[in-house]
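J.: Here it is, the structure, as structure tokens.
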Amino acid sequence: MAVKNPSVRVRFAPSPTGYLHIGGARTALFNWLFARHHQGAFILRIEDTDEVRSTAESVNGILESMRWLGLDWDEGPVYADGVAGLPEQSLGNKGPYYQMQRLKFYQDACSRLLAQDHAYPCYCTPDEVDKMRKIAELSKRPPKYDGACRGLTDDQRKKKEAEGRKKSVRFKTPQEGDTDFTDLVRGALHFENNLLEDFVILKTSGVPTYNFACVVDDHGMDISHVIRGEDHLSNTPRQVLVYRALGWEPPQFAHLAMIHGSDGGRLSKRHGATSVREYKEAGYLPAALLNYLALLGWGTEDSQQVFTPKDMIEKFALERCTKSAAAFDPAKLLWMNGEYVRKTPVPDLAKIARTAFASADSKALEGAIALEREKIKLLTDIPKLVDFLISDEYEYRQEAVDKVLRVAGVGDILSDMEKRLDSLTSFDSAGIEAAIKACAKDRGVKNAAVIHPLRVAVSGRTEGPSLYHMIEYLGKARSLQRMKKAQSLLAAGKI
RNA sequence: GCCCCCAUAGACUAGUGGUUAGGUCACGUCCCUUUCAAGGACGUAGGACGGGUUCGAAUCCCGUUGGGGGCACCA
């Protein structure tokens, strides 16, 4: 999609420490919708600064899910054949788009901060810092780093270094004043600086921490709007402070309400599937998942439920995003998927179901799916829904046989129907319907007395598609064969 | 513990001072119908609580309660 509005640039910045989570997908979607709505750029940045948990497999998995969902990015890693491309092959000219490839930018910004006395080297060990926090907590003060290295003289620093202590860099958080900013979904926000500690911006490894890398990159990539989860709300004042120290204008911020599980807690494994990939495997359509996710934290004035992508892009607005957390409701997602399945052309569904019916004829598969389509909720439902139509080796459900077939007079009715169907010249649903009704009339029974046994004989079950259409689909030969088989199995006591 | 955010039915939401509080999922009844679905109609169910402001409050303000998020050399 062409980027026509260079002043709108948003990004989705996952950390590759696992699969793409439902919450992450929602964040990505809202960023994508915003970018497409304004014809701006949607950028994908990989935040792989967690040196122990980041993996290449996660990058691939996330990109795969993004691709599957149809959330295409204008700038970011290349992804082809299931593998993310090399950093230097990235799309876009503000790269690289992997943070570990951007260390120089962070180090440069850090040097500036150090030179301008907005940051200082810290030689404390993790244990020492832990201790400080505990002491502060015991004296009922906020558990902050106490600034032990804040006022070190050059001599003292040299001494620490001579001791072989490792050096990290901390941001010199102002100890007074407030940090205010406007959030596009929440309005004016206010934080007191003295509650914030001097946080680490560069680890001893030379790798930046999140709050620092994020600022350097959002600025470096000309990000205009930072749209992310509410879990980042309290990180924002820290970041705003860094922007100011560097003399940069912060972007606009929009914090999206969280997605919860049915019990109001954080969405986790015990609520069911949490990764996009699991939904793909469970038989959900990407468009349905996206549509459902869009409804979590955003709504139109008329509470529209189902959107085409174009419609959704047109109507999306940050001002219409909800401030309160939303519970993820699997039942509504399932309904949504059914909506999308019913709108999916039968040949497309047949293509999807192909693998389960490798030997079936395309026409036969499509016909079977057409008969059962409105019952499909998940794509994975298809095999068990159409199997008895494709294969003649279907099961006779005991309950159906006992209740409908093993009834006095049914044998005569079926024999009669065999003759009537056999003699039909135009074997279509209308002709079949007429034959059935004629049979019932001639025998002085209700239509249902013919229909139900016929259905069970021909399908082994009491529920299924319209009988007339089902018999038409099976054709004369197969229908008669099925009727005969049911009768002989019944006579032989095999069912 | 401290800071921040949030609060309409079981769930998602509409509504921004005057509405019979609307829509969707789920649930229930009915209709359609050869069954199961799908579809249609109807229904049960809602502004956490307490104070203000106002002729009038779901809507504005304060407090309480509840829920969530954050307080890392994780992001």
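In my numbering, the protein residues as written are 1 to 495. Using N, Cα and C, we set each Cβ at its ideal position, and we do this for glycine too. Since we're looking at a predicted model, the values are computed, not measured.
Quick check on Ile43: does DSSP put it in helix, strand or coil?
T.: The answer is strand: DSSP assigns Ile43 an E or B state.
J.: Based on Cα-Cα distance, which residue from Phe12, Arg482 and Gly431 lies nearest to Met221?
T.: Closest by alpha carbon: Phe12.
J.: Evaluate contact between the segment 58-73 and the segment 101-111, counting only Cβ atoms and requiring at least three cross-stretch pairs below 8 Å.
T.: With the cut-off at 8 Å, the segment 58-73 and the segment 101-111 do not touch.
J.: Taking 8 Å as the limit between beta carbons, can you name the residues of its chain near Tyr284, skipping five residues before and five after?
T.: So the qualifying residues of the chain are Leu333, Asn337, Leu378 and Leu379.
J.: For the alpha helix (DSSP H) holding Gln252, just list the boundary residues, first then last.
T.: Careful: Gln252 lies outside any alpha helix (DSSP H), inside the beta strand (DSSP E) at Gln252 to Leu256.
J.: Taking the Cβ atom as the reference point for each residue, do Ile382 and Ala353 lie within a distance shorter than 9 Å?
T.: Yes. Within cutoff.
J.: Using DSSP with H/G/I as helix, E/B as strand and the rest coil, what is Gly229?
T.: Gly229 falls in the strand class under three-state DSSP.
J.: For the 8 Å Cβ check, are there 3 or more pairs between the segment 452-472 and the segment 425-443?
T.: Enough Cβ pairs lie closer than 8 Å, so yes.
J.: Roughly how many whole angstroms lie between the Cα atoms of Pro96 and Gly247?
T.: Near 23 Å, if we compare the C-alpha coordinates of Gly247 and Pro96.
J.: Roughly how many angstroms lie between the CA atoms of Glu51 and Met100, to the nearest whole one?
T.: Roughly 9 Å between the two C-alpha positions.
J.: Determine the extent of the beta strand (DSSP E) in which Ala119 is found, giving its start and end residues.
T.: Ala119 to Cys122 is the span of the beta strand (DSSP E), which, as asked, contains Ala119.
J.: Taking Leu103 as part of the alpha helix (DSSP H), name the residues at either end of that continuous run.
T.: Run containing Leu103: Leu103 to Ala115, per the alpha helix (DSSP H) assignment.
J.: Flag this pair as touching only if the segment 167-187 and the segment 116-135 have three or more C-beta atom pairs under 8 Å; answer yes or no.
T.: Yes, the segment 167-187 touches the segment 116-135.
J.: Quickly, what does DSSP pair Ala400 with across the bridge? List them, please.
T.: Bridge partners of Ala400: none, in fact.
J.: Keeping to the same chain, check which residues put their C-beta closer than 7 Å to that of Arg342; ignore five residues upstream and five downstream.
T.: Excluding residues within five positions, the ones whose Cβ falls inside 7 Å are Arg373 and Glu374.
J.: Are the CB atoms of Arg228 and Thr27 nearer to each other than 9 Å?
T.: Taking 9 Å as the Cβ cut-off, Arg228 and Thr27 qualify as a contacting pair.
J.: Label His38 either buried or exposed according to how many other C-beta atoms from any shown protein chain fall within 10 Å of its C-beta, with 16 as the threshold for buried.
T.: Label assigned to His38: buried.
J.: In whole angstroms, give me the CA-to-CA distance for Ala273 and Gly70.
T.: Answer to the nearest angstrom: the Cα atoms are 20 Å apart.
J.: Spell out the partners DSSP gives Pro208 in its beta bridges.
T.: Partner(s): Leu202.
J.: Alpha carbon to alpha carbon, what distance is there between Lys131 and Asp155?
T.: Using only the alpha carbons, I get a separation of about 25 Å.
J.: Whose C-beta lies closer than 7 Å to the C-beta of Lys446 among residues of the same chain, with five residues either side of it excluded?
T.: Only Ala440 meet the Cβ criterion.
J.: From what residue to what residue does the alpha helix (DSSP H) around Lys452 run?
T.: Note that residue 452 corresponds to His in the displayed sequence, not to Lys. Taken as a continuous stretch (DSSP letters only), the alpha helix (DSSP H) holding His452 covers Asn447 to Ser459.
J.: Taking all protein chains shown into account, do 16 or more other C-beta atoms lie within 10 angstroms of the C-beta of Val456, making it buried, or fewer, making it exposed?
T.: Val456 is buried by the Cβ-count criterion.
J.: Is the CB-CB distance between Leu414 and Ile22 below 9 Å?
T.: No, Cβ-Cβ distance for Leu414 and Ile22 is not below 9 Å.
J.: Taking the alpha carbon of Asp127 as the reference point, which residue from Leu86, Pro237, Tyr145 and Lys419 has its own alpha carbon closest?
T.: When only C-alpha atoms are compared, the closest one is Tyr145.
J.: Give the straight-line distance between the Cα atoms of His260 and Gly297, rounded to the nearest whole angstrom.
T.: Cα-Cα distance, rounded: 11 Å.
J.: Three or more beta-carbon pairs under 8 Å between the segment 229-240 and the segment 208-219, yes or no?
T.: Yes, the segment 229-240 touches the segment 208-219.
J.: Going along the chain, which residues of its own chain have a beta-carbon closer than 7 Å to the beta-carbon of Val386, five neighbours each way excluded?
T.: Cβ within range, chain order: Ala368, Ile369 and Glu372.
J.: Should Asn291 be labelled buried (16 or more other beta-carbon atoms within 10 Å of its own) or exposed?
T.: Burial call: buried.
J.: Going by beta-carbon coordinates alone, are Val450 and Ala486 separated by less than 9 Å?
T.: Not a contact, by the Cβ cut-off of 9 Å.
J.: Per DSSP, which residues does Phe181 bridge with? Please list them.
T.: Answer by DSSP bridge pairing, in chain order: Leu189.
J.: Please list the terminal residues of the continuous alpha helix (DSSP H) segment that includes Phe30.
T.: Ile22 to His37 is the extent of the alpha helix (DSSP H) around Phe30.
J.: Since Ser479 is in the alpha helix (DSSP H), which residue starts that stretch and which ends it?
T.: Leu467 to Ala491 is the span of the alpha helix (DSSP H), which, as asked, contains Ser479.
J.: Going straight from the alpha carbon of Val215 to that of Pro251, what length do you get?
T.: The straight-line gap from Cα to Cα measures roughly 9 Å.
J.: Classify Val83 as helix, strand or coil using the three-state DSSP reduction.
T.: Val83 falls in the strand class under three-state DSSP.
J.: Kindly indicate which residue of Gln89, Arg482 and Pro16 has the alpha-carbon position closest to the one of Tyr396.
T.: For the residues Gln89, Arg482 and Pro16, the minimum Cα distance to Tyr396 belongs to Arg482.
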